[in-house]
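Residue numbers (this note's numbering): 120 to 541.
Structure below.
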């Protein structure tokens, strides 16, 4: 059940006009087309188009597709120079692949004296900046966190050893209660393994793309991930995110590894959808060497082929404004990219606020180059086959190393490009 907040009525028209039309170019009576992921981000955008047109005279058409289709649509449009879309919203892991075809937003930012200092700097380095250019503005900031039962766990475990001690205490499978609920499908479980490996100080490669995956950190992350399964519902090996969240909301687990903004956050205190009302919280992951976790973020930018760049920039300023980021959170549980919005009481007093600590500790994404998307598939296979007992440790590690080496040979990073992820 979404909460509603009528922020738009509090805005003064003259102030909005100054903020969203400060450039010298005439954007009246323009139409732009924006390409979004079919999720809350697109839902929010569609809600705002009428208000934006009234303020600026610019009509915005929102087109959205599911994740994999979106990747294909963006890649094809950008690589062919198609100008159908004036605005695109890449997932941060696609930045390095799409950046050559995106407009550098620096001139727009400088021209309008746009408040770029409010964007979280660490997030921006992972989402929207690439190769010394600003290709997008991050508008969603979701680090991987853990949901847990506050009635069962008084002090959240500080490290993975303490985590398993708690699991041993609360685990009661004979009565249908499990210490952990998680998505065991390899497409989603692989990011959980990345989270462990990175928190231990592990990485896939160093800043110069020399492979570092064959490490003790990678092995320990595999051991931890496999041990999780000892405390999870046996059925979870085939679960996706909805099933993992549903088990936690039903009161059948003490911890849940998922993305809490999707279901647990919006539904955890709704008695019609939750058996854990008032008995749950969110925490950054147990601190290992550095507490670094996995990032899910999206940025918004302008394709170089667009014929309506100034009108597109007006929408970007509007959609990423403080007012709209707060509205996005209140109505859609979209976590902000602006430091000032995190300080709003609506966020600071919410169960989702611990994401800020997780973000400040460090949240990163895997390689943001074409090889990165394929490397993620390599991780999926290695981790899934190890935790199910199909492969032993060394086979899984060698599979990762050999697969990564082949991908970097076939799809090498551009000269001078550094690895800013893991």
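Don't be surprised by glycine CBs; every beta carbon is placed ideally from N, CA and C.
Nearest-angstrom Cα separation, counted from residue j out to residue i
i: residue 251; j: residue 540; result: 15 angstroms
i: residue 517; j: residue 505; result: 12 angstroms
i: residue 557; j: residue 286; result: Since the first residue of the chain shown is 120 and the last is 541, residue 557 is not available in this structure.
i: residue 509; j: residue 346; result: 15 angstroms
i: residue 538; j: residue 459; result: 29 angstroms
i: residue 443; j: residue 186; result: 23 angstroms
i: residue 214; j: residue 291; result: 44 angstroms
i: residue 135; j: residue 489; result: Residue placement at residue 135 cannot be trusted, given a pLDDT of 40 that sits under 50; what the coordinates show is reported in the next sentence. So the two alpha carbons sit approximately 39 angstroms from each other.
i: residue 362; j: residue 165; result: 28 angstroms
i: residue 533; j: residue 264; result: 33 angstroms
i: residue 255; j: residue 220; result: 12 angstroms
i: residue 451; j: residue 428; result: 28 angstroms
i: residue 259; j: residue 240; result: 13 angstroms
i: residue 406; j: residue 485; result: 20 angstroms
i: residue 327; j: residue 527; result: 12 angstroms
i: residue 201; j: residue 370; result: 50 angstroms
i: residue 302; j: residue 445; result: 29 angstroms
i: residue 230; j: residue 476; result: 33 angstroms
i: residue 441; j: residue 243; result: 16 angstroms
i: residue 365; j: residue 226; result: 46 angstroms
i: residue 514; j: residue 399; result: 39 angstroms
i: residue 151; j: residue 195; result: 19 angstroms
i: residue 281; j: residue 288; result: 11 angstroms
i: residue 482; j: residue 238; result: 15 angstroms
i: residue 342; j: residue 329; result: 24 angstroms
i: residue 316; j: residue 158; result: 28 angstroms
i: residue 147; j: residue 276; result: Here residue 147 scores only 45 on pLDDT, less than 50, and its place in the model should not be relied on; the value that follows carries that caveat. Those two C-alpha atoms are separated by around 56 angstroms.
i: residue 530; j: residue 337; result: 23 angstroms
i: residue 491; j: residue 247; result: 16 angstroms
Short Cβ contact (8 angstroms threshold) for residue i with residue j
i: residue 376; j: residue 267; result: no
i: residue 171; j: residue 182; result: no
i: residue 318; j: residue 419; result: no
i: residue 208; j: residue 156; result: yes
i: residue 415; j: residue 261; result: yes
i: residue 298; j: residue 372; result: yes
i: residue 253; j: residue 434; result: no
i: residue 425; j: residue 352; result: no
i: residue 387; j: residue 368; result: yes
i: residue 322; j: residue 310; result: no
i: residue 422; j: residue 401; result: no
i: residue 73; j: residue 153; result: Residue numbering for the chain in the displayed model covers 120 to 541; residue 73 lies beyond these limits and cannot be assessed.
i: residue 217; j: residue 189; result: no
i: residue 160; j: residue 417; result: yes
i: residue 487; j: residue 307; result: no
i: residue 478; j: residue 257; result: no
Cross-strand partners of residue i (DSSP beta bridge)
i: residue 330; result: 324
i: residue 71; result: No answer is possible for residue 71: it lies beyond the span of the chain, which begins at 120 and ends at 541.
i: residue 419; result: 256
i: residue 267; result: 374 and 400
i: residue 411; result: According to DSSP, which records beta bridges pairwise, residue 411 is partnered with nothing at all.
i: residue 249; result: 252
i: residue 313; result: According to DSSP, which records beta bridges pairwise, residue 313 is partnered with nothing at all.
Extent of the continuous beta strand (DSSP E) to which residue i belongs
i: residue 180; result: 178 to 184
i: residue 155; result: 150 to 156
i: residue 395; result: From DSSP, residue 395 is part of no beta strand (DSSP E); its letter is neither H nor E.
Where the alpha helix (DSSP H) containing residue i begins and where it ends
i: residue 159; result: 159 to 175
i: residue 288; result: 279 to 289
i: residue 459; result: 458 to 461
i: residue 521; result: 512 to 529
i: residue 259; result: Here residue 259 belongs to no alpha helix (DSSP H); instead the beta strand (DSSP E) covers 256 to 262.
i: residue 230; result: 225 to 230
i: residue 343; result: 335 to 347
i: residue 205; result: It is not in any alpha helix (DSSP H) - residue 205 carries neither H nor E in the DSSP assignment.
i: residue 448; result: 441 to 451
i: residue 475; result: 473 to 480
i: residue 214; result: 214 to 217
Query raised in the report: For the 8 angstroms Cβ check, are there 3 or more pairs between the stretch 517 to 527 and the stretch 495 to 507?
Result: yes
Requested in this report: Report yes or no: do three or more beta-carbon pairs, one from the stretch 272 to 285 and one from the stretch 468 to 475, lie closer than 8 angstroms?
Outcome: no
Requested in this report: Flag this pair as touching only if the stretch 407 to 418 and the stretch 382 to 394 have three or more C-beta atom pairs under 8 angstroms; answer yes or no.
Outcome: no
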